[in-house]
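The block underneath contains the structure these notes are about, expressed in structure tokens.
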Amino acid sequence: MKHESLFSLKGQFLIAMPGLADPNFAYTVICMCEHTYQGGIGLVINRVYPSISAQDIFSELHIEYNPYSKPIPVHYGGPVHTNEIFVLHGPPFDWDACAMISPTLAMSNTRDILEAIADNKGPESFLIILGCSGWGQNQVEAEIKQNAWLSCPVSEDIIFDVNIEKKWDQAVKKMGINPLLLSGEAGHA
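Residue numbers (full-length UniProt numbering): 1 to 189.
Structure follows, in structure tokens:
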């Protein structure tokens with residue numbers, strides 16, 4: 001029997017509250033890729049590695065890179081599996097291992113999508129991400145109850161089109177909240 005969480009955060013953003021002190025997650029926006037009763041996995045979408053490019057990854061994997069392609073940043077996905085490469089992307093969804101997050105968003109982590117991106121034949125919208133964020137059973141739910149995170153449905157526009165420095169603000173605004181009014185202190189009524 002498959003156990004499902006009473007509610008699923010799959011296809012949701014987790015938006016770090018200003019008071020979240022963990023430097024791995026301060027002011028992050030995380031796209032939740034999977035969430036069940038066993039825990040969850042997500043990818044930070046608003047941090048990049050300043051000294052690593054996709055070209056470095058292609059070279060390391062011996063993937064031929066089209067030199068006419070524009071430079072592709074590599075995003076920091078979180079502190080778990082930091083050597084694992086993920087691609088958060090829009091259509092097409094016909095890659096070897098493509099985990100659907102929503103009808104218009106997926107996560108893949110196989111060589112075929114990286115080869116296609118290196119040859120300018122990959123998805124139009126994508127982020128290359130190293131590492132991920134993970135939670136054990138009931139961990140993310142407890143963090144939400146402690147006011148560490150806000151959540152709202154993912155927005156492909158925020159993931160792919162908003163400048164990296166503005167993603168947190170835009171995700172908060174998507175919820176109808178003025179980011180300047182969020183407090184760093186947790187409170188309960």
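Just so it is clear, CB atoms sit at the ideal spot from N, CA and C, and this is done for glycine as well.
Under 8 angstroms, do T110 and D94 count as touching if we go by C-beta distance?
-> The count along the sequence shown starts at 1 and reaches residue 110 at position 110. The count along the sequence shown starts at 1 and reaches residue 94 at position 94. Contact flag unset, no.
State buried or exposed for S133, treating a residue as buried only when at least 16 other CB atoms are found within 10 Å of its CB.
-> For the purposes of this step, residue 133 is taken as residue 133 along the sequence shown, with counting starting at 1. By the neighbour-count definition (other C-beta atoms within 10 Å, threshold 16), S133 is a buried residue.
Where P179 sits in the DSSP three-state scheme = Translated into the one-based positions of the sequence shown, residue 179 becomes position 179. When secondary structure is reduced to three states using DSSP, P179 falls in the helix class.
Check the C-beta distance from K174 over to S155 and give it rounded, since I have them as a contact under 8 angstroms.
-> By one-based count along the sequence shown, residue 174 stands at place 174. By one-based count along the sequence shown, residue 155 stands at place 155. Indeed, because the Cβ distance is near 6 angstroms, the residues count as touching under 8 angstroms.
Distance between S53 and E60 (C-alpha atoms, nearest Å) = Your numbering for residue 60 matches position 60 in the sequence shown. Your numbering for residue 53 matches position 53 in the sequence shown. Taking the straight line joining both Cα atoms gives about 11 angstroms.
When the distance is taken between beta carbons, is P79 closer than 8 angstroms to D131?
-> Residue mapping note: residue 131 aligns to position 131 of the sequence shown, counting from 1. Residue mapping note: residue 79 aligns to position 79 of the sequence shown, counting from 1. Looking at the sequence provided, one finds Gly at residue 131 rather than Asp. Cβ atoms of G131 and P79: closer than 8 angstroms.
Using only alpha-carbon positions, find the residue among I101, Q38, P103, P91 that is nearest to I113.
-> Within the sequence shown, numbered from 1, the residue matching residue 113 stands at position 113. Among I101, Q38, P103, P91, the Cα nearest to that of I113 is on P91.
Can you tell me whether DSSP reads V29 as helix, strand or coil?
-> The residue you call residue 29 lines up with position 29 of the sequence shown. Strand.
Which runs of the beta strand (DSSP E), 3 residues or longer, sit entirely within the region 59-135?
-> 73-76, 80-89, 98-102, 105-108, 126-135
Starting from I15 and walking both ways along the beta strand (DSSP E), at which residues does that stretch end?
-> Looking up residue 15 in the sequence shown gives position 15. Its beta strand (DSSP E) spans residues 12-16.
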